[in-house]
Structure formats: structure tokens, C-alpha cells
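For the sequence shown, the working numbering gives the first residue as 141, with consecutive numbering after it.
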Amino acid sequence: MPRINPRQLAQNLRQGLAPIYVVTGDEPLLVQECCDSIREAARNQGFNERDLLHGEHNFDWGQLLSAAGSLSLFADKKIIELRLPGGKPGDKGSKALQEFASMANEETLLLLVLPRLDRSQLNSKWVKALEAKGVLIQIWPVDASEMPRWIHQRLRANGLDAEPEAIQILAERVEGNLLAASQEIEKLKLLANDSVITADTMNNAVASSARYDVFGLIDKALAADAAGAVRTLQGLRAEGVEAPVVLWAIAREIRTLLETQQKLDQGQPINRLVRIQKRQPLVQAACQRLRPRHLQNFLLRARAVDNAIKGGKEMDPWAGLLELTLNLSGKRSI
């Protein structure tokens, strides 16, 4: 049986059910969706019973074999879903899984869910035994470069499309969080009047959540709008946004500016470094206004703010955030 990725699962399921599915990965949304697809396909084939087992510490592996042998003559087909959060079954679990694989049949379907397996685990006897009778679905994280493509595919699957700049806006906002991206796309289904989502529509959609208002703070600071940035900072605090969220956004932008400055100095064009067209002049102006030594000092102060958030007494965290906001806006005091 094959090793496949989540995009290949639907086609694999249409070809018929295997008695064993191993879903391995650290991306919760994709793991959940793969499991949902397998369960649905199994229910359509008459698997109406489901036993859920949690392979925690000191798990009794006899439960797995007992569940497999507990069908009566008139019982429905059964899904046995085993979640193994540690990823390592140990000696007893390895033997139990190999024994289960040896008795795999059409009446029982094993759905084993566990974190990403390393190379040595993939070559272990228990994985090989399960693979010989089933399908192993490997789920890899979606990195930053792949995120726009993933979002575009997700939009298409939901009957939507978007301008490239709109897709880039969402990719930057969710920072690799697939669940957050999926939730935003669900919201867009309600907000979008046309099938093609514009950059303005995307900006308005993601700005409706308080968590994303920190990006408005950053853009005002990059535009040297100190008064507007301070008003936004005060609004975030009044709305109950936590100081670590604001610090994360500011520190991330400072590090990005440092990297962008270095690449601009090497002769790379701004449109290759900043994908969102409207932000290109903001970033370029900020790079001209703030030199690397300023940004390095800002990062040192950001670390002090982080210490204050964690209980340090040297400053009030929000006072430190105000200082960082003003300095990023061009009102330098650091």
C-alpha cells in the first residue's frame, strides 16, 4: 500500500477502502480533515460503529486487540480509532500493532493518528507491518513560501477566487496558521459579493478581528503616522488585546525591516521583497528612515519589554510598547 499526501487522499479513497490508515503529522487542521474524510468514506461503506482509544502512558494495548475481536455475528463494521500523541508505541505497542496488522480484515478499519514520524520510526517493524496492509498519509507543515498557493487552492475549493495581492494579504496575516486561514475563508464566503475577492475586500475582512488590528498599527508606524499609530495602540489596549500579541507584531516587523534593508543594499528590488503592492512604499520609506543600528536598538528594547511582560519590574509593558511604536514611527528616543 502507498504513502500519500493529503491531496491524494480523496482519489485513494475512491479506489476503495484499506483496512488500515496511518495519519501522521503536526498540522492539526490537515490531520483532522484527513481523519474526517476517512471516517466519512468508511461510514458510506457500512462502518457504523466506532471505538476511540487513546494511547497515553501506560495504555493497555490489549484494548486494541480486544476491540478488533469484539464483533458479533450480526454487528456492523467497526472503525477503531487509536490516537497516539507520543508517537512511540514502545515494545508492547509495537507487538500489538504488528499482530493487529496480521489479522486485518474487511470488517474492521484501524485509523491510527500520531505526530510526524521521523526516519527511524518510518523504518520500524510496526510501521512496515501497518503499511503492508494499509495507507500511510504523511502531513507536512505548509511553509511561508507555499502558503499563498495553499490559500488559493482552499478558496477555489470553497467556490471563491482572489486577486494575488488579496491572497498575499491573508498569507501574511495568518502567519502559517492553517486553522486561522480556514476560518477567514469561511468568513469570506459570507462577506464576498463577487466570486473574485479583491485586496480591499480581504483587508476589510481580516481587519474585522481585533487580533489583526496590530497590522494596522504596524502600517501606521511604517507610514510615520505617529499619532495614528499611538491611537491604534491605545485602542488595542482598550479592546483587551494582550501585550504579547502587540510585541510579537512589532518585533516581527523590526526583524523584517532589518532583513529587507540588507537585501535592498544588495540591489534586490522592493517588489521582490514585499509582495503586497500597497506596502512597498511604506517599507521602503521606513528602511530609508531607520538604519540598521536603530533597528538593532529597537530589538534590544523589545527584549526588555518582553522581560517586563514576564514579570520584570524595569518598566511597564505598555509604556515600552508605546516607546517602540513612537520610534518605529520616526520619533526616535532609543
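Even for Gly, the Cβ is constructed at its ideal location relative to N, Cα and C.
None of these values were measured; they are calculated from a predicted model.
- Around the C-beta of Arg313, 16 or more other C-beta atoms lie within 10 Å, and the residue is accordingly described as buried.
- In this structure, the CA atom of Arg147 is about 46 Å from the CA atom of Arg433.
- Per DSSP, the unbroken beta strand (DSSP E) holding Val162 starts and ends at 160 to 165.
- Put simply, the backbone Cα of Glu246 is about 23 Å away from that of Leu224.
- Gln417 is classed as exposed because its beta carbon has fewer than 16 other beta carbons within 10 Å across all chains shown.
- When secondary structure is reduced to three states using DSSP, Ile416 falls in the coil class, being assigned neither helix nor strand.
- For Gly470, same chain residues with a beta-carbon under 8 Å away, outside a window of 5 residues either side, are Ala364, Ala366, Arg429, Leu430 in chain order.
- Look at Ala302 here: in three-state DSSP terms it is strand.
- By a beta-carbon distance limit of 8 Å, Leu398 does not contact Leu422. Their separation comes to about 16 Å.
- In the structure shown, the three-state DSSP call for Lys218 is strand.
- Under DSSP, Gln278 takes part in a beta bridge, and its partners are Thr164.
- Here Gly274 is buried: its Cβ has 16 or more other Cβ atoms, across all protein chains shown, within 10 Å.
- For Glu221 against Val253, the beta-carbon gap comes to about 7 Å, under 8 Å, which counts as contact.
- Phe199 carries a coil assignment under DSSP once its states are collapsed to helix, strand and coil.
- By the criterion of a C-beta distance shorter than 6 Å, Leu331 is surrounded in its chain by Ala345, once the five residues flanking it on both sides are discounted.
- Here the alpha carbon of Lys360 sits roughly 57 Å from the alpha carbon of Ser234.
- Judged by DSSP secondary structure, Thr400 falls within the alpha helix (DSSP H) whose first and last residues are 383 to 405.
- If you check the CB distance, Leu149 and Cys174 come in under 7 Å.
- Non-local beta-carbon contacts of Arg472 in its own chain, meaning distances under 7 Å to residues more than five positions away in sequence, involve His434 in chain order.
- If you draw a straight line from the Cα of Glu382 to the Cα of Leu373, it comes to about 11 Å.
- Following the DSSP letters along the chain, one finds Glu189 inside the beta strand (DSSP E) bounded by residues 187 to 194.
- The region 286 to 295 makes no contact with the region 182 to 200; the number of CB pairs closer than 8 Å stays below 3.
- If you look at Leu249, you'll find it in the beta strand (DSSP E) that goes 248 to 254.
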